[in-house]
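Before any comments, here is the structure.
Numbering (this note's numbering), first residue to last: 474 to 676.
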């Protein structure tokens with residue numbers, strides 16, 4: 474099996490307690506987090522990345538409500554799948570709980586190697602995305618932006634316009650635009666870049 478589910482936690486106190494020990498239920502492999510707005514294509518990207526079909530299942534936005542940890546056996550790393558943020562159809566209480574879970578994880582996981590921030594290539598970065606980058610910067614957490622659904626940009630002109638806009642937005646935040654990975658889960662774009670970056674981080 475390429476991916477093994479370790480645990481899913483939906484409460485802040487559970488996360489704090491679990492992450493107090495760098496050994497995650499017997500797993501001390503390097504950890505990589507995946508964050509993004511609801512419906513950004515996080516589950517599809519994770520499935521494409523790990524070559525699984527059902528390890529990361531999300532049939533509709535807001536499906537991931539816990540912080541879920543998976544052992545990616547082939548790469549010998551742990552993947553942290555965080556709840557999608559900005560899901561308008563969820564209740565305010567649910568959105569607040571997910572936000573607290575994300576915050577608790579980011580503040581307490583000292584074994585986090587890198588955070589992959591997923592943004593929709595057609596729309597991002599949004600204000601919420603930019604807030605997340607600013608917050609991660611304050612926490613001094615290494616991060617890499619991934620623009621998802623790149624295949625949905627149908628024309629060369631549109632792709633050029635989007636890349637220029639995204640480049641300018643990240644440069645304004647002090648994020649190196651060369652670090653941006655443009656991906657498509659359906660076409661397989663960017664998958665090898667993500668794997669190479671993970672290998673580079675753990676070598």
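Positions of the beta carbon are idealized from the N, C-alpha and C atoms, including for glycine.
Residue-chain proximity (residue i, chain C), Cβ-Cβ < 8 angstroms
{"i": "residue 508", "result": "No chain C appears in this structure, which consists of one protein chain only."}
For residue j and residue i, the rounded distance between their alpha carbons
{"i": "residue 595", "j": "residue 606", "result": "18 angstroms"}
{"i": "residue 721", "j": "residue 650", "result": "In the structure displayed, the chain extends from 474 to 676; residue 721 sits before or after that span and is not available."}
{"i": "residue 633", "j": "residue 627", "result": "11 angstroms"}
{"i": "residue 518", "j": "residue 498", "result": "25 angstroms"}
{"i": "residue 587", "j": "residue 552", "result": "10 angstroms"}
{"i": "residue 441", "j": "residue 483", "result": "For the chain, the structure presents residues 474 to 676; residue 441 sits outside this window and is missing."}
{"i": "residue 589", "j": "residue 618", "result": "6 angstroms"}
{"i": "residue 512", "j": "residue 665", "result": "22 angstroms"}
{"i": "residue 520", "j": "residue 663", "result": "13 angstroms"}
{"i": "residue 525", "j": "residue 573", "result": "29 angstroms"}
As assigned by DSSP and simplified to three states, the class of residue i
{"i": "residue 657", "result": "strand"}
{"i": "residue 477", "result": "strand"}
{"i": "residue 525", "result": "coil"}
{"i": "residue 581", "result": "helix"}
{"i": "residue 633", "result": "helix"}
{"i": "residue 674", "result": "helix"}
{"i": "residue 689", "result": "A query on residue 689 cannot be resolved here, the shown segment of the chain reaching from 474 to 676 and no further."}
{"i": "residue 520", "result": "helix"}
{"i": "residue 548", "result": "coil"}
{"i": "residue 534", "result": "Because residue 534 sits at a pLDDT of 49, beneath the cut-off of 50, its placement in the model cannot be relied upon, and the following sentence gives the value as read from the coordinates. Coil."}
{"i": "residue 576", "result": "helix"}
{"i": "residue 561", "result": "Any reading at residue 561 must be qualified, since the residue scores a pLDDT of 47, below 50, and its modelled position is unreliable; no value is offered."}
{"i": "residue 623", "result": "helix"}
{"i": "residue 601", "result": "helix"}
{"i": "residue 540", "result": "strand"}
{"i": "residue 554", "result": "strand"}
{"i": "residue 491", "result": "helix"}
{"i": "residue 594", "result": "coil"}
Residue of the options minimising C-alpha distance to residue i
{"i": "residue 659", "options": "635, 621 and 653", "result": "621"}
{"i": "residue 480", "options": "617, 544 and 664", "result": "544"}
{"i": "residue 540", "options": "524, 584, 547 and 557", "result": "557"}
{"i": "residue 603", "options": "642, 669 and 625", "result": "642"}
{"i": "residue 555", "options": "598, 509 and 665", "result": "509"}
{"i": "residue 542", "options": "629, 477 and 619", "result": "477"}
{"i": "residue 494", "options": "608, 585, 673 and 575", "result": "585"}
{"i": "residue 547", "options": "674, 668 and 673", "result": "668"}
{"i": "residue 600", "options": "676, 639, 614 and 574", "result": "639"}
{"i": "residue 678", "options": "631, 623, 550 and 516", "result": "Given a span of 474 to 676 for the chain in the structure shown, any question on residue 678 remains unanswerable."}
- Determine contact between the segment 570-587 and the segment 483-492, defined as no fewer than three beta-carbon pairs at a distance below 8 angstroms. In short, these stretches touch, since the Cβ pair count reaches three.
- Query: Using 8 angstroms as the Cβ pair cut-off and three pairs as the minimum, do the segment 499-508 and the segment 641-656 touch?
  - Reply: Put simply, the segment 499-508 does not touch the segment 641-656. Fewer than three CB pairs are less than 8 angstroms apart.
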